[in-house]
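Note sheet for the following structure.
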Amino acid sequence: MKVAVIGQGYVGLTISAFAGEHFDVIGLDNNIRIVEQLNLGISHIEGVQSSWLKSSISAGRYRATSDGHDIADAGLVVIAVPTPLTKDRQPDLAFIDEACRTIGENVHKPVLVINESTSFPGTLRNYIKPAIEKYSITKVEHMYAISPERVDPGRSDFNQKNTPRLFAGLTPEASRMTKEFYSKFCDKLLEVSSPEVAEAAKLFENTFRQVNIALVNEFAQIAHSLGISVYETLDAANTKPYGFMKFTPSAGVGGHCIPVDPTYLAVVAEEHGAPATFIRRANEVNLQMSEYIVRRVAADNGGNLQGKNVLVVGVAYKPNVADVRETAAELVIHHLRSQGAVVSWHDEVVGKWKSESSAPLEGADIAVVVTKHDSVDEKRIMDSAPYVFDTTGKVKGAKGL
Ligand SMILES: NC(=O)c1ccc[n+]([C@@H]2O[C@H](COP(=O)([O-])OP(=O)(O)OC[C@H]3O[C@@H](n4cnc5c(N)ncnc54)[C@H](O)[C@@H]3O)[C@@H](O)[C@H]2O)c1
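Anchor point for the sequence shown: position 217 equals 219 in our numbering, and the numbering is continuous, going up by one each time.
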């Protein structure tokens, strides 16, 4: 069977690599540059080896394309496209809609469509199925299932194989086929009673993280105002063997998931007249961390950052990846610049970002560590400026949260 994966980003390429061990894979992406690179055997995603791409391409088992016609002979289609927020922070299903159009217009025999993109409960039943049917010229009846993606790019201990996977089909046959597909490369599959439960579980997992990160970020401010170490206090609390899970403070949350997915849950909650107060407040607290950090840095430096050379160390949203989506570094830089600081950033994993290049890790008046990649030496960070503020808790000797 040929598997088509729509979207060849973090989720889609990762699933292509795992599925590719068992099926022929056609990877569809509307970004022509990504398609060209992939067909040259160059992976742009941490965790997917270029060597896998090269050998699969030469064995005729993988090909990337931007032409929707190429998915016509697939037996199974996976949707792995972005689900961001609009400018006014509403769920944006435009990419999903476009993927549905591609399926509707090109796939004329019945297939199983599995959605892996994160979205609110009801997306598969009330949005994806009707959209594909609307675009289908032949009015073919497909099967539909959801299996929310839990991949954590850059992570080595948990992957597609050993991370349990939730799934549910709109029909028992769709569920059966979904189980058969994933069981080829995933050790543990858990069927839930409806697609809505699977969709909601994914959103709740990320909301749990968002709320706990906000709580620890608020606690970092409380600890500082009390003159105690937030890290020592968290380590002390973490000695309790049950009922506590340690989260650590930061400059805020980044990435495609934690700052975005909880809002999908909040919007759908509010549409149904249910409160989403924790979610809304957690989002505010996390967004305000960057401002708090800049206030602390200014207070330690005579209350004024005007004209000071500030180096932001690490602009990726988390360590050891090049992903800058929704990175907290953006707000930190914004607040530093609005205080008159002359800001550059150092991040060799990211390299280039917003038409700027990574600056050398040296010669600043102030360094603010937002993300600490393993490859960046602590001593070099400490030597880069006479004053170093570390938001990660990983740089010994620096001022910090
Ligand atoms: N990145 C993660 O860690 C992660 C984890 C779990 C779930 N998710 C969810 O998975 C989904 C995909 O996220 P991602 O991180 O892989 O995004 P991504 O931006 O890395 O990749 C998405 C790819 O889809 C392509 N694309 C967009 N619209 C298309 C279309 N109509 N046809 C073909 N290609 C199209 C883009 O060019 C891009 O290459 C999102 O819903 C996200 O919330 C992401």
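Glycine is no exception: its CB is placed at the ideal position from the N, C-alpha and C atoms.
Your pair Glu23 and Phe187 checks out as a contact, with CB atoms roughly 6 angstroms apart and the cut at 8 angstroms. Listed in chain order, the alpha helix (DSSP H) runs fully inside the stretch 42-124 are 52-60 and 96-108, counting runs of at least 4 residues. Between His348 and Val315, the CB-CB gap stays under 7 angstroms.
Under the rule that a run must span 4 or more residues, the alpha helix (DSSP H) segments found entirely inside the stretch 329-360 read 330-340. Assignment of beta-bridge partners to Met145 by DSSP yields Leu114. Glu151 has its Cβ nearer than 6 angstroms to a heavy atom of ligand 1. Pairing Val7 with Gly29 gives a Cβ-Cβ distance under 7 angstroms. Excluding residues up to 5 positions away in sequence, Val317 and Val326 lie with their Cβ nearer than 7 angstroms to the Cβ of Trp355 in the same chain. Here Ile8 is bridged, per DSSP, to Leu30 and Ile81. Cβ-Cβ distances below 6 angstroms link Trp54 to Ala19 in the same chain, with the five nearest sequence neighbours on each side left out; the list follows chain order. Remark: fewer than three beta-carbon pairs, one from each stretch, lie closer than 8 angstroms, so the stretch 191-202 and the stretch 227-243 are not flagged as touching. DSSP, reduced to helix, strand and coil, places Asp392 within a strand of the structure shown.
It is roughly 43 angstroms from the alpha-carbon of Lys374 to the alpha-carbon of Met3. CA-to-CA, the gap between Thr16 and Ile59 works out to about 15 angstroms.
Comparing C-alpha distances from Val80 to each of Arg282, Cys102 and Thr241 shows the shortest one belongs to Cys102. Counted as a single uninterrupted DSSP element, the alpha helix (DSSP H) harbouring Ala216 occupies residues Pro197 to Leu228. About 12 angstroms separates the beta carbons of Tyr146 and Phe169, which is beyond the 8 angstroms limit, so they are not a contact pair. For Pro86 and Asp392, the gap between their C-alpha atoms comes out near 29 angstroms. Per DSSP, the continuous beta strand (DSSP E) segment holding Arg167 begins and ends at Arg167 to Gly171.
Between Asn288 and Val255 a beta carbon distance of about 5 angstroms is seen, short of the 8 angstroms cut, so the two are scored as contacting. In this structure, the alpha-carbon of Asp302 lies about 31 angstroms from that of Val323. Collapsing the DSSP output to three states places Ala324 in coil. Beta-bridge analysis with DSSP links Ile368 to Val312 and Tyr389.
If the five residues before and after Glu143 are omitted, its C-beta is found closer than 7 angstroms to the C-beta atoms of Pro112, all from its own chain and listed in chain order.
With fewer than three CB-CB distances shorter than 8 angstroms, the stretch 151-164 does not count as touching the stretch 123-132.
Relative to the Cα of His46, the nearest Cα in the group Ala330, Arg339, Asp26 and Gly9 belongs to Gly9. Using a 10 angstroms sphere on the CB of Gly399, the tally of other CB atoms stays under 16, which defines it as exposed. A Cβ-Cβ distance of about 7 angstroms is found for the pair Pro150 and Glu118, placing them in contact under the 8 angstroms criterion. Comparing C-alpha distances from Gly305 to each of Val270, Gln341 and Met291 shows the shortest one belongs to Gln341. Annotation for Leu30 indicates a beta carbon within 6 angstroms of some heavy atom of ligand 1. Assignment of Leu126 by DSSP, reduced to helix, strand and coil, places it in the helix class.
Assignment of Leu15 by DSSP, reduced to helix, strand and coil, places it in the helix class. Non-local beta-carbon contacts of Val194 in its own chain, meaning distances under 6 angstroms to residues more than five positions away in sequence, involve Leu168, Ala170 and Ala200 in chain order.
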